[in-house]
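Asks:
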Amino acid sequence: MKLKEVVEAIEELYPLWLKEDWDFPGLILGDGEKECRKIFFALDPAEKTAMEAKEWGADLMVTHHPLFFRAVHRLPSTDPHGKVASILLSSGCALWVGHTNVDSAPRGTNDAICSRLGLLNTEPMEGKGEVNGLPAGMGRVGELEREMSLEEFADLCREKLPKTVQGAKMAGDAEMKVRRVAVMSGAGDSFLDKAIDLGVDAFLTSDLRHHPALDAMEKAKALGRPMGLIDVSHFSSEFPWFDFALQDIKNKLESRVECRLSSLCTDPWSEIFI
Ligand SMILES: [Zn+2]
Numbered sequence: 001m002k003l004k005e006v007v008e009a010i011e012e013l014y015p016l017w018l019k020e021d022w023d024f025p026g027l028i029l030g031d032g033e034k035e036c037r038k039i040f041f042a043l044d045p046a047e048k049t050a051m052e053a054k055e056w057g058a059d060l061m062v063t064h065h066p067l068f069f070r071a072v073h074r075l076p077s078t079d080p081h082g083k084v085a086s087i088l089l090s091s092g093c094a095l096w097v098g099h100t101n102v103d104s105a106p107r108g109t110n111d112a113i114c115s116r117l118g119l120l121n122t123e124p125m126e127g128k129g130e131v132n133g134l135p136a137g138m139g140r141v142g143e144l145e146r147e148m149s150l151e152e153f154a155d156l157c158r159e160k161l162p163k164t165v166q167g168a169k170m171a172g173d174a175e176m177k178v179r180r181v182a183v184m185s186g187a188g189d190s191f192l193d194k195a196i197d198l199g200v201d202a203f204l205t206s207d208l209r210h211h212p213a214l215d216a217m218e219k220a221k222a223l224g225r226p227m228g229l230i231d232v233s234h235f236s237s238e239f240p241w242f243d244f245a246l247q248d249i250k251n252k253l254e255s256r257v258e259c260r261l262s263s264l265c266t267d268p269w270s271e272i273f274i
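Residue numbers (the working numbering): 1 to 274.
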């Protein structure tokens, strides 16, 4: 298959119109006319994952995180992003990024968290229409299979999401009852107010900072509906997407491609000292 046909099929699963305004997912490197038979998946386009893709002989690397977040004016291989571009281009490997479009898409990062936690009756926190007949949008809100304490929910998140040194951090009354929860893959503090508005018992996300977390809990409490917070590592919240992505892309391409997932963890944190 030609790369452009592969990209077209991938973008039917994760349409680019689902992206946030500031984001630029899609084909970042590569020649659409080239043959594409081997697709390598990784969360981050980092030097070590690009090397893995190269060693496997990948024609296309699919990542969740962008190679560039800002305008770029030079790309020497002394720059970390230039290094990745240089490894991929020199080995004939293209790069396709599915970022906020994948967060919003059905069976994207957020649905993958819901699936791991066994959430029922899920719907987007912020709807953006439908894709392939399924609701799309940022975040998800749904119900746990049974009521549990916030402490049990934190433990469920720790157990079901990919292991990193951070584990799961909990904020709130450990004994409070949790049934309806909101989840947001990646750094979700801009959705704290939305979670409060939805009146959920707990909100799971990553990269929560001191002030937004404290303010949100005070606000929810003042409204008479306290909300617990669970913070997992950014990596843990997004890697579950690959539970779906490899199979869905392979099915979409009728198995005319070979897919492989990176064996490396790109969570930057390696130890916690308590
Ligand atoms: Zn992310």
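Even glycine gets a Cβ: it sits at the ideal position worked out from N, Cα and C. It should be emphasised that the depicted structure is a prediction, and the values quoted were computed from it without experimental measurement.
#1: Is it the case that the CB of residue 238 approaches a heavy atom of ligand 1 more closely than 6 Å?
#2: Rounded to whole angstroms, what's the CA-CA distance from residue 220 to residue 213? Just pull it up for me.
#3: Following a CB-centred definition, is residue 186 positioned closer than 6 Å to any heavy atom of ligand 1?
#4: Any idea if residue 274 is buried or exposed, counting beta-carbon neighbours within 10 angstroms, 16 or more meaning buried?
#5: Less than 7 Å between the beta carbons of residue 60 and residue 9, yes or no?
#6: Using beta-carbon positions only, say whether residue 267 and residue 235 come within less than 7 Å of one another.
#7: Under the rule that 16 or more other beta-carbon atoms within 10 Å means buried, what is residue 132, buried or exposed?
#8: In angstroms, rounded to a whole number, what distance separates the CA positions of residue 92 and residue 204?
#9: Tell me whether residue 61 sits in a helix, a strand or coil according to DSSP, three-state version.
#10: Which term fits residue 121, buried or exposed, when burial requires 16 or more other beta carbons within 10 angstroms of its beta carbon?
#11: So what does DSSP say about residue 205, is it helix, strand or coil?
#12: Roughly how many angstroms lie between the CA atoms of residue 52 and residue 175, to the nearest whole one?
#13: Please work out which residues of its chain come closer than 6 Å, Cβ to Cβ, to residue 76, disregarding the five sequence neighbours upstream and downstream, and give them in chain order.
#14: Do you know whose CA, among 112, 169, 153, 162, lies nearest residue 139's CA?
#15: Return the chain-ordered list of same chain residues with a C-beta closer than 7 Å to the C-beta of residue 49, the five sequence neighbours on each side being excluded.
#16: Roughly how many angstroms separate the alpha carbons of residue 57 and residue 84, rounded to a whole number?
#17: Helix, strand or coil, according to DSSP, for residue 104 in the structure here?
#18: Short check: CB of residue 72 to CB of residue 96, under 7 Å?
Replies: Put simply:
#1: Position 238 of the sequence shown, counted from the first residue, corresponds to residue 238. True, at least one ligand heavy atom lies under 6 Å from that Cβ.
#2: Position 220 of the sequence shown, counting from 1, holds the residue named residue 220. Position 213 of the sequence shown, counting from 1, holds the residue named residue 213. So the alpha carbons of these two residues sit roughly 11 Å apart.
#3: The residue you call residue 186 lines up with position 186 of the sequence shown. Answer for residue 186: yes, Cβ within range of ligand 1.
#4: Along the sequence shown, read from residue 1 onward, the residue named residue 274 stands at position 274. Exposed.
#5: Working through the sequence shown from its first residue, we reach residue 60 at position 60. Working through the sequence shown from its first residue, we reach residue 9 at position 9. No.
#6: Sequence index remark: in the sequence shown, residue 267 carries index 267 (1-based). Sequence index remark: in the sequence shown, residue 235 carries index 235 (1-based). Between residue 267 and residue 235, the gap from beta carbon to beta carbon is short of 7 Å.
#7: Here residue 132 refers to the residue found at position 132 of the sequence shown. So residue 132 counts as exposed.
#8: Within the sequence shown, numbered from 1, the residue matching residue 92 stands at position 92. Within the sequence shown, numbered from 1, the residue matching residue 204 stands at position 204. Roughly 39 Å between the two C-alpha positions.
#9: Sequence index remark: in the sequence shown, residue 61 carries index 61 (1-based). Of the three classes helix, strand and coil, the one that applies to residue 61 here is strand, per DSSP.
#10: In the sequence shown, the residue the question calls residue 121 occupies position 121. Result: exposed.
#11: Numbered from 1 along the sequence shown, position 205 holds the residue referred to as residue 205. It is a strand residue.
#12: Position 52 of the sequence shown, counted from the first residue, corresponds to residue 52. Position 175 of the sequence shown, counted from the first residue, corresponds to residue 175. Each residue's alpha carbon lies about 45 Å from the other.
#13: Counted from its first residue, the sequence shown places residue 76 at position 76. Apart from sequence neighbours up to five positions away, the residues of its chain that approach residue 76 with a beta-carbon distance below 6 Å are 82, ordered along the chain.
#14: Taking the first residue of the sequence shown as position 1, residue 139 is located at position 139. If we check each option's Cα against that of residue 139, 112 comes out closest.
#15: Residue 49 sits at position 49 when you count from the first residue of the sequence shown. Only 42, 262, 264, 266 meet the Cβ criterion.
#16: Translated into the one-based positions of the sequence shown, residue 57 becomes position 57. Translated into the one-based positions of the sequence shown, residue 84 becomes position 84. Going by the C-alpha atoms only, they are around 15 Å apart.
#17: Numbered from its first residue, the sequence shown carries residue 104 at position 104. DSSP places residue 104 in helix when its eight states are reduced to three.
#18: Along the sequence shown, read from residue 1 onward, the residue named residue 72 stands at position 72. Along the sequence shown, read from residue 1 onward, the residue named residue 96 stands at position 96. Not closer than 7 Å, so no.
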